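Just add 16 to wherever you are in the sequence shown, counting from 1, and you've got our numbering. Only one structure is covered here, and it is reproduced in the block below.
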Amino acid sequence: MDLKEVFGKIENLDEFRRHYNTAESCLKEIAANKWRMGFECKKCGHIHFCEGKSPYSRRCTKCKTDESATAHTLFHHCRMNIVDAFEMAYLICCAPDISSYELSRKTQTRQMTCWKFKKKLNDYMSV
Ligand SMILES: [Zn+2]
Numbered sequence: 017m018d019l020k021e022v023f024g025k026i027e028n029l030d031e032f033r034r035h036y037n038t039a040e041s042c043l044k045e046i047a048a049n050k051w052r053m054g055f056e057c058k059k060c061g062h063i064h065f066c067e068g069k070s071p072y073s074r075r076c077t078k079c080k081t082d083e084s085a086t087a088h089t090l091f092h093h094c095r096m097n098i099v100d101a102f103e104m105a106y107l108i109c110c111a112p113d114i115s116s117y118e119l120s121r122k123t124q125t126r127q128m129t130c131w132k133f134k135k136k137l138n139d140y141m142s143v
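Here it is, written out as structure tokens:
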């Protein structure tokens, strides 16, 4: 997925928080961006899908494999809840040099968690 494309249309943190204040709204955006070129099953390559079990997940109609909205994205296996993680990603994209201490203060999240997430995001962005 392309985070810059997702966050580029948001003016500021207030607007961001209005848009993405529920897990649903975050997952919807992640799914829309991740599959913007269309769905392709990671297992069998089939391109047709139906709704999967979790919100905004997709299920291959051929091999029945479910792919969640966050699978293969930065937000996969994320310990924070998705709303917090999404906001943190936004803050880092807006200010790539932001320190983990400042992130911690702004998001009320432990500094070590912020540091790890920032590292993950940087690794992810440089791929
Ligand atoms: Zn499949």
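Where a beta carbon is used, it is the ideal one built from N, C-alpha and C, also for glycine. All of these numbers come straight from a predicted model, not from anything done at the bench.
Selection from the options that minimises the alpha carbon distance to residue i
i           : options           : result
residue 82  : 55, 95, 96        : 55
residue 97  : 20, 138, 43       : 43
residue 104 : 138, 85, 84, 79   : 138
residue 135 : 116, 126, 59, 123 : 116
residue 59  : 25, 20, 94, 79    : 79
residue 28  : 111, 131, 68      : 111
residue 38  : 99, 66, 53, 68    : 99
residue 57  : 88, 142, 122      : 88
Ligand 1 heavy atom lying under 7 angstroms from the CB of residue i
i           : result
residue 78  : yes
residue 69  : no
residue 88  : no
residue 62  : yes
residue 122 : no
residue 57  : yes
residue 129 : no
residue 125 : no
residue 81  : yes
CB-CB length for residue i against residue j, believed under 8 angstroms
i           : j           : result
residue 92  : residue 77  : Incorrect: roughly 23 angstroms between the Cβ atoms, too far for contact.
residue 90  : residue 107 : Contact flag wrong, Cβ pair sits at about 14 angstroms.
residue 133 : residue 101 : 7 angstroms
residue 109 : residue 19  : 5 angstroms
TODO: Evaluate contact between the region 42 to 56 and the region 68 to 81, counting only Cβ atoms and requiring at least three cross-stretch pairs below 8 angstroms.
DONE: yes
Open item on the list: So within the region 33 to 80, which uninterrupted alpha helix (DSSP H) runs reach at least 4 residues, ignoring any that extend past its ends?
Closed with: 39 to 50, all fully within the region 33 to 80.
TODO: Could you tell me which uninterrupted beta strand (DSSP E) segments, each at least 3 residues in length, are contained entirely in the region 108 to 134, listed from first to last along the chain?
DONE: none
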